[in-house]
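Chemist: Right, I'll just put the structure down here and ask away after.
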Amino acid sequence: MTLRFARGYTLAELVIVIVIAAILAAIAIPQFNQTAIDAAWYHEQVRSAVRHAQRTAVAQRRCVFVSVAGAQLELYYGDASCALTATQVTQLANGNPYVLAAPSGVALAAAPNPFRFNGLGQPSSAATVTVGGRTVTVNAETGYVQ
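Be aware that the sequence shown starts at 103, since it is given in this note's numbering, and climbs by one per residue.
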C-alpha cells in the first residue's frame, strides 16, 4: 500500500497569505498621496511651459516672459524693447492663453518674477520656478532648462 500525498495548499496557508497581503496593502495604499502625484505632474508641466516659452521666443524672434501670478504660471509676449506687454502667448491647439493653474495644495513661486527669454532664447538672468518642493532651473549663460 502506497501513500499518496495531496497536492495543494491548506486552508491555514491560504489564510496566512491573505492576511499578509492585507497588511502590506494597508501599509502601501496610504503612500499613494494624490497631492504628491499632482505636484509631480505639475512640475513636469511647468518645466515644459518654460521650455515652450524659450522655443517660442526663438521661433518668433521676440521676447517671451514667464510670470507667476498667484497659483498660475502664465506666458506673455514682450514688445520690441523687451518690455512686458499684456499679450498672452496662446496655445496652438485651441487658441487659449497659455496658463497653467497649480492644483490645490501645490505651492508655486518664481525668482525673479517675471523672467524672460529674448529672441535668441537667452534668459534675462538665472531663474528658478519652485513647484511644491521641486524646482525648475534656468541656467543664466546657456538658457538650459532643467
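The beta carbon of each residue, even a glycine, is placed where N, CA and C say it ideally should be. Since the structure is predicted, the reported quantities are computational estimates derived from the model, not experimental observations.
1. Within its chain, find whatever has a CB closer than 6 Å to the CB of residue 240; leave out the 5 residues flanking it on each side and keep chain order.
2. Does the contact criterion of 3 or more C-beta pairs under 8 Å hold for the stretch 123–133 versus the stretch 150–157?
3. By alpha-carbon positions, which one of 170, 115, 209, 161 ends up nearest to residue 140?
4. Using a Cβ-Cβ cut-off of 6 Å (strictly less than) and excluding sequence neighbours within five positions of residue 200, which residues of its own chain qualify?
5. For residue 115, does the three-state DSSP call read helix, strand or coil?
6. Helix, strand or coil: how does DSSP classify residue 202 here?
7. Along the beta strand (DSSP E) that carries residue 144, what are the first and last residues, could you check?
8. Quick check: the Cα distance between residue 166 and residue 205, rounded to an integer number of angstroms?
9. Can you pull the DSSP bridge partners for residue 213?
Modeler: On the basis of the coordinates in this document:
1. Locating residue 240 in the sequence shown gives position 138, where the first residue counts as 1. Taking C-beta separations shorter than 6 Å and ignoring five residues to either side along the sequence, the partners of residue 240 in its chain run 225, 229, 247, following chain order.
2. In short, these stretches do not touch, since the Cβ pair count stays below three.
3. Within the sequence shown, residue 140 is the residue found at index 38, counting from 1. Per the C-alpha coordinates, the member of 170, 115, 209, 161 positioned closest to residue 140 is 209.
4. Taking the first residue of the sequence shown as position 1, residue 200 is located at position 98. Excluding residues within five positions, the ones whose Cβ falls inside 6 Å are 177, 191, 193.
5. Within the sequence shown, residue 115 is the residue found at index 13, counting from 1. It is helical.
6. Indexing the sequence shown from 1 puts residue 202 at position 100. It is a strand residue.
7. Position 42 of the sequence shown, counted from the start, is the residue given in the question as residue 144. Per DSSP, residue 144 belongs to no beta strand (DSSP E); it is in the alpha helix (DSSP H), 136–162.
8. As a position in the sequence shown, residue 166 is number 64, starting the count at 1. As a position in the sequence shown, residue 205 is number 103, starting the count at 1. In this structure, the CA atom of residue 166 is about 24 Å from the CA atom of residue 205.
9. Translated into positions along the sequence shown, residue 213 becomes position 111. DSSP output for residue 213 lists 230 as bridge partner(s).
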